[in-house]
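Numbering of the sequence shown is given in full-length UniProt numbering, commencing with residue 1 and proceeding in unit increments. Here the structure comes first, spelled out in structure tokens, and everything after it is commentary.
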Amino acid sequence: MTETDVEKLKLMVVDDEPDNLELLYRTFRRDFQVYKANHAMKALEILDKEGEMAVIISDQRMPEMNGTEFLSLTVERFPDTIRILLTGFTDVEDLVDAINSGQVFKYITKPWKPDRLKEIVEQAADTYQLVKKRTQELRRALRRESLFNAVTTAIRESLDYSSMLEKIVATIGQSFKTSYCLLRPVESNCLTADEFSYLDPQITYSCEFFDTSFLIEQVLETQHYQHSLYNNNDNPCYQLAVPLIYQQHLLAVLALYETGRDQPWQDEDIQLITGVAEQAALALSQAKLYQRLQEKQQQIRAELEIARQIQNNLLRQSLPDIKGAKVQARCYPAREVGGDFFEVFVHPKGDLWLAVGDVSGKGVPAALFMASAISVLRRELSQETPAMPNMVIQNLNKALGDDLISSNCFITLILARYTPSTRELVYANAGHIYPLLWSRETDTDNPQYLKIRSIPLGILPKWQADFGQLFLAPKDILLFTSDGITEAMVTTKTCVPENSVNGFKPNHRSMLHLDGLWQLLQQETQPLSLNHLLARIQADNNIQEDDQTILSLEVF
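Listed below in structure tokens is the structure:
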């Protein structure tokens, strides 16, 4: 080992024999900063004053306290120190005890060979430096992990973007024991008006005392960390500004300010802070993306709420009073907007037009076609002499067919014209569910299904079909519904004679279908209430899978 500009390692020699002590001192004084003690208590005093030694060479046989006892006292305070024991005898048990209790690196018997001793001490010094290096690396790794865990925990506990920034700056400020810590978000390489800061509770002056604007501007220009040192009333002040960059986008600038610090931030500190900044930048990027998605979702929800109100206003808000008849209609979209619709239109000449339609799909696309269908239908029904129901549907297909076909959509529609004076009902069906017709006076097991039907709108360029015609009697009830009603899942029980509990199989869920709807209708009290009927159906469904529309005409 040669003398260099690097600070010499500390070495202590302990021996009660003056000649040996002086010899050890002269042997190592050129390569080490040597401390000598002629007994163990003196050595402990030196350790109290000078701190950790790289190597301690101690004689075993000394008055008051032997080498084994002395070295064992240094283990807890200085675990990295390398210990060498000099012994003039070869008692095995004593050596084992020395190695176990004192964590002795080597033992050397007296008289020793100078070259061999120097070789062992050089090995000890190399081992000490390696241990210190590994210890420092481990300490840095643990500190880095601890800080990363603290920042990660702070991020996870944050409720929103702003609270995340507050927690990040507070966690970093506390972890690095800074006097002041400031985080400035950046948008398009410009500082925003927002500021998030941490001030050490022991600091007696306010945040205005700390001015980090110059370093922050430099970081904006260079996108690299900046640091500076200056004196404030003979008090050294250190500043460090670090960019938070993710995928080459500057998201924020973190500034740390320290007063009364013995020395500026070391490279290790700066590397640790920049590492934390990288982690925080990733979290900020994800949080900002999440915040934008939240804002976009709120905007979409607000727009959909407006669309829901508009669509709801398209439907009849009040139903007409018909002499000798009663009309009820309800429409519940599965989402904010939907494709189901109904129409109740009283022509000036007295005819009552009824319709229930269903656009394929859900949500906004279906709602747009629904609005178009209602608009075209009302135009057709407002004619001085409207066409027959099948011709009205044909005109709807002509007006909407090209758009429906290009969008891969279709519309099912049941349209009927009822004449109160004659009780005549004329209807046409474009692929819609069969209407149900029954009488409150007749006790029947099955209703009459109006089965004249053709294909939905938007399937072929030209739609054509026959119409159905019948006459209603007093106390007849006609019911139109969409597939959101008949395809609703309901819980049913099946009666079986054996292997059952109380005569019933376990409950199972299935679609309602028209037969199930008819069973529910038979259980309804008179007069028929669509609100009550829908409440029974919806009570069995936690989630409404499809738009639900139902319309009834009851003749008195």
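Glycine is no exception: its CB is placed at the ideal position from the N, C-alpha and C atoms.
Per DSSP, the bridge partner or partners of residue i
i, result
"Gln294", "Gln294 pairs with nothing; no bridge assigned."
"Tyr198", "Cys181"
"Ser529", "Paired residues: none, contrary to the question."
"Thr481", "Ile550"
"Ala325", "Ile322 and Val555"
"Cys409", "For Cys409, which the question treats as bridged, DSSP gives no partner whatsoever."
"Trp438", "Ile477"
"Lys106", "Ile84"
"Ile57", "Val13 and Ile84"
"Lys36", "Val13"
"Ile414", "Val356 and Asn429"
"Pro63", "Paired residues: none, contrary to the question."
"Met489", "Met511"
"Ile245", "Leu250"
"Thr419", "Glu424"
"Asp238", "Checking the sequence shown, residue 238 turns out to be Tyr, not Asp. Answer by DSSP bridge pairing, in chain order: Leu229 and Glu258."
"Val276", "Answer is none; Val276 lacks a bridge partner."
For residue j and residue i, believed in contact at Cβ under 8 Å, the rounded distance
i, j, result
"Asn397", "Leu457", "5 Å"
"Ala355", "Ile452", "Going by Cβ atoms, the distance from Ala355 to Ile452 rounds to 16 Å, so no, they are not a contact pair."
"Leu250", "Gln223", "6 Å"
"Tyr257", "Thr178", "6 Å"
"Asp540", "Val490", "5 Å"
Coil, strand or helix - residue i by DSSP
i, result
"Arg453", "coil"
"Met370", "helix"
"Leu448", "One detail in the question is off: residue 448 reads as Gln in this sequence, not Leu. Reduced to three states, the DSSP call for Gln448 is strand."
"His513", "helix"
"Asp126", "helix"
"Asp351", "coil"
"Gly476", "The amino acid at residue 476 is misidentified as Gly; the sequence shows Asp. Strand, per DSSP."
"Met164", "helix"
"Gln218", "helix"
"residue 569", "As displayed, the chain neither begins before 1 nor continues past 556, which places residue 569 out of reach and without an answer."
"residue 557", "Shown here, the chain extends from 1 to 556; a query on residue 557 therefore has no answer."
"Pro114", "helix"
"Leu9", "strand"
"Leu315", "coil"
"Val426", "strand"
"Asp340", "strand"
"Gln469", "strand"
"Glu45", "helix"
"Ile459", "coil"
"Gln226", "strand"
"Thr259", "strand"
"Thr192", "coil"
"Tyr332", "strand"
"Phe345", "strand"
"Glu545", "coil"
Exposure label - residue i; buried when at least 16 CB within 10 Å
i, result
"Ile310", "exposed"
"Ile216", "buried"
"Cys409", "buried"
"Tyr449", "exposed"
"Ser375", "exposed"
"Asp547", "buried"
"Arg83", "buried"
"Arg184", "buried"
"Phe556", "exposed"
"Arg536", "exposed"
"Ser146", "exposed"
"Ala37", "buried"
"Asn231", "exposed"
"Cys190", "exposed"
"Lys462", "exposed"
"Arg417", "buried"
"Asn429", "buried"
"Gln239", "buried"
"Leu382", "Note that residue 382 is Ser in the sequence shown, not Leu. That one is exposed."
"Val75", "exposed"
"Ser245", "A quick correction: the sequence has Ile, not Ser, at residue 245. Classification of Ile245: buried, given that the 10 Å Cβ count is 16 or more."
"Lys113", "exposed"
"Phe32", "buried"
"Ser406", "exposed"
message: With a threshold of 8 Å, are at least 3 pairs of Cβ atoms found where one atom belongs to the segment 522-535 and the other to the segment 295-303?
response: no
query: If we count Cβ pairs, one from each stretch, closer than 8 Å, do we get three or more for the segment 412-426 versus the segment 467-486?
result: yes
message: Does the structure place the segment 134-153 close enough to the segment 275-294 that three or more beta carbon pairs sit under 8 Å?
response: yes
- prompt: Do the segment 103-117 and the segment 65-84 make contact, defined as three or more Cβ pairs closer than 8 Å?
  reply: For the pair of segments examined, the segment 103-117 was found to touch the segment 65-84: the number of CB pairs separated by less than 8 Å reaches three.
message: With three or more beta-carbon pairs closer than 8 Å as the criterion, would you say the segment 54-72 touches the segment 16-27?
response: Contact check between the segment 54-72 and the segment 16-27: three or more CB pairs, one atom from each, fall below 8 Å, which counts as touching.
- prompt: Counting pairs of Cβ atoms below 8 Å between the segment 283-297 and the segment 263-272, do you hit three or more?
  reply: Using a C-beta cut-off of 8 Å, the segment 283-297 makes no contact with the segment 263-272, since fewer than three inter-stretch Cβ pairs fall below that distance.
- prompt: Counting Cβ pairs closer than 8 Å, one from the segment 121-141 and one from the segment 159-179, do we hit at least three?
  reply: no
- prompt: Any contact of the segment 365-373 with the segment 328-348, i.e. 3+ C-beta pairs under 8 Å?
  reply: yes
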